[in-house]
Amino acid sequence: MTAASSEAYDQFAATAAEYGVELTRVPADEATEAIADLTEDPAVGTPLPWDGVGLPEGVSTDPTPAALDGAVTGVTGATLAVADYGSVFLPGTPAGAEPVSLFVDRHVFVLRERDVVPDMPAAFDRLGDRFREERASGILATGPSATADMGALVQGAHGPKAVYGVVVP
Amino acid sequence: MSLDSREAKAARIRHLLETEGDAIAENTRGFNQGRYDSVADLADYEELRDEARAIKEDAIERLPELVAELTETVEANGGTVYVAEDAADANRYIADVCEGGGADRAVKSKSMTSEEIEVNEHLEARGVDVVETDLGEWVLQVADETPSHIVAPAIHRSRESIADLFNERFDPEDPLETAEELTMFAREQLLDRIKGADVGMTGANFLAADSGTMMLVTSEGNARKTVTVPDTHVAVAGVEKVVPGVEDFQPFVELIGRSGTGQDITSYISLLTPPVQSPTVDFDDPDTPITDGEVERDFHLVLIDNGRMAMREDDELRETLYCIRCSACSNTCANFQSVGGHAFGGETYSGGIATGWEAGIEGLDTAAEFNDLCTGCSRCVEACPVNIDIPWINTVVRDRVNRGGDDGNLDFLVDGLSPDAEGEEGSVGEGRGGDGTPDLQKRLFGNFETLAKVGSATAPLSNWAANAGPSKRLLERVAGVDSRRDLPAFQRRTLVDWFRQRDASGPTDPDRRVVLYPDLYTNYTLVERGKAAVRTLEALGVGVEVPAMPGSGRPPLSQGMIATARGKAESLCEALDPYLDANYDVVVVEPSDLAMFREDYAKLLPGDDHERLAANSYELLEYVYGLLEHGADVDALSTAGDGESVAYHSHCQQRTMRLEEHTLAVLTECGYDVTTSDAECCGMAGSFGYKEQYYELAMDVGENLGDQLRETGADHVLASGTSCTEQIGDLLGDEPLHPVELIAPEH
Chain C
5 MTAASSEAYD QFAATAAEYG VELTRVPADE ATEAIADLTE DPAVGTPLPW
55 DGVGLPEGVS TDPTPAALDG AVTGVTGATL AVADYGSVFL PGTPAGAEPV
105 SLFVDRHVFV LRERDVVPDM PAAFDRLGDR FREERASGIL ATGPSATADM
155 GALVQGAHGP KAVYGVVVP
Chain P
205 MSLDSREAKA ARIRHLLETE GDAIAENTRG FNQGRYDSVA DLADYEELRD
255 EARAIKEDAI ERLPELVAEL TETVEANGGT VYVAEDAADA NRYIADVCEG
305 GGADRAVKSK SMTSEEIEVN EHLEARGVDV VETDLGEWVL QVADETPSHI
355 VAPAIHRSRE SIADLFNERF DPEDPLETAE ELTMFAREQL LDRIKGADVG
405 MTGANFLAAD SGTMMLVTSE GNARKTVTVP DTHVAVAGVE KVVPGVEDFQ
455 PFVELIGRSG TGQDITSYIS LLTPPVQSPT VDFDDPDTPI TDGEVERDFH
505 LVLIDNGRMA MREDDELRET LYCIRCSACS NTCANFQSVG GHAFGGETYS
555 GGIATGWEAG IEGLDTAAEF NDLCTGCSRC VEACPVNIDI PWINTVVRDR
605 VNRGGDDGNL DFLVDGLSPD AEGEEGSVGE GRGGDGTPDL QKRLFGNFET
655 LAKVGSATAP LSNWAANAGP SKRLLERVAG VDSRRDLPAF QRRTLVDWFR
705 QRDASGPTDP DRRVVLYPDL YTNYTLVERG KAAVRTLEAL GVGVEVPAMP
755 GSGRPPLSQG MIATARGKAE SLCEALDPYL DANYDVVVVE PSDLAMFRED
805 YAKLLPGDDH ERLAANSYEL LEYVYGLLEH GADVDALSTA GDGESVAYHS
855 HCQQRTMRLE EHTLAVLTEC GYDVTTSDAE CCGMAGSFGY KEQYYELAMD
905 VGENLGDQLR ETGADHVLAS GTSCTEQIGD LLGDEPLHPV ELIAPEH
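The structure is reproduced here in structure tokens:
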């Protein structure tokens, strides 16, 4: 791990915390357990895109609409984080990462520390070609879903009420 | 505008002040303060604004080419692009898409462009159930109301009024009360509707030509559900939303939330390259995994012209197309903070920039309905993330409205009151443009210079006469000058006369020489501040001249009388030329006139003339600050006693020019303990607060300032602008001094 990436991580953790997003930083082989600790059943998920990081038992993939509707927790991968905004990029995938991270009350994202970039220009440098070449789609998500339309700030307007992150090296 | 329509307008504004004003004020002022706080955290804010501006300038310049490129990209991605000429064309296409897919229900995320084309009404007429899923928009749909704000559409409604609405309409088992209960109720109701949706409609904040990616700025998550659940996605966007590359989104991602609601970033920035690769979620088939089978989605991008390509060809309206719909110009606007978009808005758009949108999309008549609510205070210019000169767009549209107006039946009165009515000055290049002339009220205020000259020559008789009951009633009836206002008192002895006749002489052989510009107010009404300025400058070793000078053209410009204003600017520039040739600096007391020299003259004068005048003109306290910084002795001025305190309201345009700080620094150096107001504008704003139809609004805006000034309990209340002085005088019962009157040495 380089000093620069650690600095970016610390900033990311601090900014994400301002939005109520708690991070758990663990070695890859402890990620599954860390995810399990953050999961309230019933839970749905999408396969994590990295070797050596698996979903806990009880987090079902390939969800049905009924399972999505009934799930409390959703677990998906985040492929990028922006340190100074506390944001993560949640790619939409054919495995259903978008609905899995959206229809639940608790969203748990899993992120690699090496994917934390310092700022928005660096984020777009990383994403640009993925949009052009892979026709990528995704959400730059910062904290939980929120609205102030009903006269005061409320979390969980249409999306998750709480967001947690598990960060592996 | 006739007496009847002025009274109707006043009544409408009064109603909105009473019913919606409190909620609007609380919310917009919160957003506005949030903007100040959020952009202050951004080290490269100004660079991002420049970058954002450059991207939009380039994109609008190359728009046809970019639309072609985007079309090609989206189609290569598997989507369809339809460029609709107007609202009817767009609606027909969208209805055909719905019908072709056998759609019974469309769910929508928030989109002002879809409001513009009124697609909901159109689809409903064709048998499609349309549901708004943004909570604010849904409240409006349930209540059958229109948005009062472009970002927070139900901003005019309090929590209590939403609770009453839901409880009455849905009759829930337990009455809803808290924001949390209301939100969860709406979430459940809307989830049900989203589950049964066949089509999802969104807008698009930006579209990248190179990748076909669209950016959506949201916080609730409803746009995500709208796109994900149904298999058909229709995105509706104005053609101006296209930018060249997906990397161009970056400065806007950083600016849009900060500028609008004061959030560093909103919860969700959707970056979608449709048709998206996420599986659809078919709730009619609840037990089949969503990942079974291929993802099959239809995507239709409907790009809407509806007047935009003509705006692009219009040198004055083109800048409107740079607007990113962030709402900063609404939130920072003192008038908007009081009445909201139901008064300060047209068919669809609201706030300062709405004049450009409505003029381009709906036409001048629609823009004319609310354009007067822009007072040209300029606070929105520094708030705008793409630096649009919103007051200028308002001025141009006002000018066009004036030229199309039809108050010609009052010409016999106008001839007597305002001899240099717009279009009648021989020296003015634009001549008699068009058939119309400004209405009488505008011509009266626009010709303040004539009034001031006549008023001063006949003072005090003119003051007694103007403020006597019968005259006031006549002025109100004929010209709409509110009789609750006292008109400015003209001084018989002008500043220029005083200066010429005085015995004292200034410093001998000074290093610096200035022309103290005798603006109309300092010369004819607030003469004491002019005398104090002369004493102050001379005490600091400056040679001062106060020659007779023409008006700056600010009053006619405020009324949208551009040709008259240009004539004034040319005359003044000519009069100042010999002084500038001789290396004089120009010192200006009235901030709105300095704003003319520095900003507005760029639009009225040849570039060289404007640049020379702008570079050599200074606000009075800015100049004093510079003198003190360069070694002048503060003890030559009148300094504070122990603990002497000041409450100071800087002028709106002075703040936009970033010149408030200089006055604060000088007052502080003179030993005063200074508190400033954070009110964006005093509410008077030149002639605005004198107008019968806007008097109550102006006083409502002013109360915000009045409360702040009263709370300080300061020994002195100071204001830099003339209209602020008059307004604060009306609010507090005592006219404030200009800062220079406090620091000027005794006679």
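Protein sequences appear in the order of chains C and P. The first sequence lines up with residues 5 to 173 when you count with the numbering used here. The second sequence lines up with residues 205 to 951 when you count with the numbering used here. Backbone N, C-alpha and C fix where the C-beta goes; we use that ideal spot for every residue, glycine too.
Residue i versus the options, residue with shortest Cα-Cα distance
i	options	result
residue 888/P	926/P, 506/P, 811/P, 863/P	926/P
residue 96/C	231/P, 431/P, 784/P, 352/P	431/P
residue 4/C	138/C, 31/C, 163/C	This structure gives no information on residue 4/C, because the portion of chain C shown stretches from 5 to 173.
residue 42/C	98/C, 92/C, 65/C, 25/C	25/C
residue 459/P	247/P, 800/P, 488/P	247/P
residue 68/C	455/P, 495/P, 297/P, 500/P	495/P
residue 950/P	740/P, 406/P, 311/P	740/P
residue 362/P	168/C, 31/C, 153/C	153/C
residue 408/P	759/P, 567/P, 422/P	422/P
residue 420/P	575/P, 414/P, 435/P, 450/P	450/P
residue 812/P	452/P, 778/P, 829/P	778/P
residue 802/P	753/P, 933/P, 332/P, 820/P	820/P
residue 86/C	167/C, 34/C, 130/C	130/C
residue 597/P	589/P, 587/P, 578/P, 586/P	578/P
residue 268/P	746/P, 517/P, 433/P	517/P
residue 881/P	916/P, 898/P, 900/P, 869/P	916/P
residue 766/P	305/P, 650/P, 569/P	650/P
residue 902/P	357/P, 934/P, 914/P, 871/P	934/P
residue 798/P	764/P, 845/P, 861/P	861/P
residue 726/P	746/P, 904/P, 753/P	753/P
residue 353/P	328/P, 225/P, 566/P	225/P
Other residues of its chain near residue i: CB distance less than 7 Å, five sequence neighbours each side excluded
i	result
residue 924/P	795, 854, 855, 858, 867, 942, 943
residue 94/C	80, 82, 101, 105, 113, 142, 143, 145
residue 134/C	140
residue 694/P	656, 659, 660, 663, 666, 667, 728, 729
residue 563/P	521, 571, 601
residue 838/P	832, 873, 874
residue 442/P	317, 508, 512
residue 928/P	853, 855, 886, 888
residue 742/P	710, 711, 748
residue 292/P	none
Other residues of its chain near residue i: CB distance less than 6 Å, five sequence neighbours each side excluded
i	result
residue 53/C	81
residue 107/C	72
residue 64/C	48
residue 749/P	719
residue 312/P	336, 405
residue 343/P	358, 366
residue 806/P	814
residue 103/C	72
Cβ distance (whole Å) where residue i is taken to contact residue j below 8 Å
i	j	result
residue 699/P	residue 734/P	4 Å
residue 521/P	residue 411/P	Contact doesn't hold; Cβ gap of about 21 Å is too wide.
residue 437/P	residue 478/P	6 Å
residue 948/P	residue 842/P	6 Å
residue 256/P	residue 590/P	5 Å
residue 791/P	residue 824/P	6 Å
residue 547/P	residue 216/P	7 Å
Opposing strand residues paired with residue i [DSSP bridges]
i	result
residue 1002/P	In the structure as shown, chain P begins at 205 and stops at 951. Residue 1002/P is therefore absent and cannot be evaluated.
residue 333/P	309/P
residue 77/C	47/C, 110/C
residue 165/C	Its beta-bridge partners do not exist; DSSP assigns none.
residue 57/C	For residue 57/C, which the question treats as bridged, DSSP gives no partner whatsoever.
Same chain, Cβ closer than 8 Å to residue i, neighbours up to 5 away in sequence not counted
i	result
residue 464/P	235, 239, 355, 530, 531, 532, 535
residue 561/P	524, 527, 550, 552, 553
residue 652/P	724, 755, 759, 891
Item to check | Unbroken stretches of the beta strand (DSSP E), 3 residues or longer, contained in the region 812 to 866 of chain P | outcome: 821 to 823, 849 to 853
Checklist entry - Which runs of the alpha helix (DSSP H) fall wholly inside the region 500 to 545 of chain P and span at least 4 residues, in chain order? => result 512 to 517, 532 to 535, 538 to 543
Next on the checklist: So within the region 744 to 826 of chain P, which uninterrupted alpha helix (DSSP H) runs reach at least 4 residues, ignoring any that extend past its ends?
Outcome noted: 758 to 762, 766 to 785, 795 to 799, 805 to 808, 811 to 819
Checklist entry - Residue ranges of each beta strand (DSSP E) run of no fewer than 3 residues wholly in the region 402 to 453 of chain P, ordered along the chain? => result 403 to 406, 410 to 412, 418 to 422, 436 to 442
Next on the checklist: Which complete beta strand (DSSP E) runs does the region 249 to 315 of chain P hold, if anything under 3 residues is left out?
Outcome noted: 284 to 288, 309 to 312
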